[in-house]
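Structure record follows, encoded as structure tokens.
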Amino acid sequence: MRKYIVVKVLVLFFFCILLGGCSKNMNMNTEMSFLACGDADITVIKDRDHVVLVDTGEAICRNSVLTYLQKKKIKSIDLMILTHPDKDHIGNAVSIMERWNVKKVVASSYRKHSSAESELFNYVERNQNDYQALEEQMKIHIGKMEVLIKPPMVEYDSSNNSSLATWITVGQVTTFFGADMKKKRIEELLEDDILKSDIVKLPYHGRYVSNINLLLERLDPRFVVITSPQEDEKTVSLLNRLKLPYELTTENIVFEIDEKTFRRKR
């Protein structure tokens, strides 16, 4: 009888290992990946079967982006956020929409009239995708993710300052995506309510902006991501002075997020 019990326990343990660790997989953490794509933005947030993209990177890294999404066994994308129409943010939008069912696209209302933007609009029109040029604040729940998107409340003469500001909260962990906002857009944001954010995707690929210190003070992050393989000396000096750990996208930066905290996945 004792031998039978030992064998039974070992069998259960074996199947637990095959399933990837029972307790860990039952709580499957949300995974947030900032993909390496030069000076370009693409972030993939995956929560079980739910997926949100914040921007899509530039065409130059299309193969690596599509390969990464395939590797993650993504079946569909619940929400694609296009923060503004620069090619380093929307460059792979059409290619992704051709291969995956993107249920909803939310984009900046700014019009750049570029070839990349025209390609996107033509695709959306032909396929009648759910596409919304955001003019008012949006809140949406997707799986464990609470998504808050704030468009600018005034019209700017540049695509960068027309960037959407995005917060994604999982449990007690909030991440801020600053797109490419510059001084005027940051000034506007500072006049509004700002969610404190554990992780901050620094605006404008980490290039120094004169009031970025004020934004960081309000956001009060624990970690900063710079979507560029190159440092800006003034920005890095500021981060060091504020004692903020940071990392550049010289490689993919992946976080696991549970209900209370986040950790860098190696």
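Those letters in the sequence shown? Residues 1 to 266, per our numbering, in order.
Quick reminder that beta carbons are idealized off the backbone N, C-alpha and C, glycines included.
Please read all numbers here as calculations on a predicted model, not as lab measurements.
Taking DSSP as the reference, what is the three-state secondary structure of residue i?
| i | result |
| --- | --- |
| Leu164 | coil |
| Lys182 | coil |
| Ile96 | helix |
| Ser237 | helix |
| Leu215 | helix |
| Ile90 | helix |
| Tyr208 | coil |
Return the residue from the list the options that minimises the CA-CA distance to residue i.
| i | options | result |
| --- | --- | --- |
| Val209 | Lys265, Arg185 and Asp192 | Arg185 |
| Ser115 | Val105, Gly91, Pro152 and Glu135 | Gly91 |
| Lys150 | Asp192, His113, Glu31 and Asp232 | Asp192 |
| Lys260 | Asn213, Gly171 and Leu35 | Gly171 |
| His141 | Lys104, Asp232, Glu125 and Leu120 | Lys104 |
Below 8 angstroms CB to CB, which residues in the same chain sit around residue i once its five sequence neighbours on both sides are set aside?
| i | result |
| --- | --- |
| Lys182 | Ser158, Asn160, Asn161, Pro203, Tyr204 and Val209 |
| Asn29 | Glu256, Ile257 and Asp258 |
| Tyr156 | Tyr110, Ser162, Lys184 and Arg185 |
Using the Cβ count rule (16 or more neighbours within 10 Å means buried), how would you classify residue i?
| i | result |
| --- | --- |
| Val44 | buried |
| Met97 | buried |
| Thr235 | buried |
| His84 | buried |
| Asp78 | buried |
| Met32 | buried |
| Asp180 | buried |
For residue i, which residues in the same chain have their Cβ closer than 7 angstroms to its Cβ, ignoring the five residues on either side in sequence?
| i | result |
| --- | --- |
| Lys265 | Val254, Phe255 and Glu256 |
Tell me which same chain residues have a C-beta within less than 6 angstroms of the C-beta of residue i, skipping the five on either side of it?
| i | result |
| --- | --- |
| Asp41 | Asp55, His89 and Thr227 |
| Phe176 | Trp167, Ser197, Val200 and Leu219 |
*Entirely within the segment 40 to 75 and at least 4 residues each: give me those alpha helix (DSSP H) ranges in chain order.*
62 to 71, all fully within the segment 40 to 75.
_Please give the ranges of any alpha helix (DSSP H) in the segment 98 to 172, keeping only runs that are unbroken, at least 4 residues long and fully inside the region._
Listed in chain order, the complete alpha helix (DSSP H) runs (minimum 4 residues) inside the segment 98 to 172 are 115 to 127.
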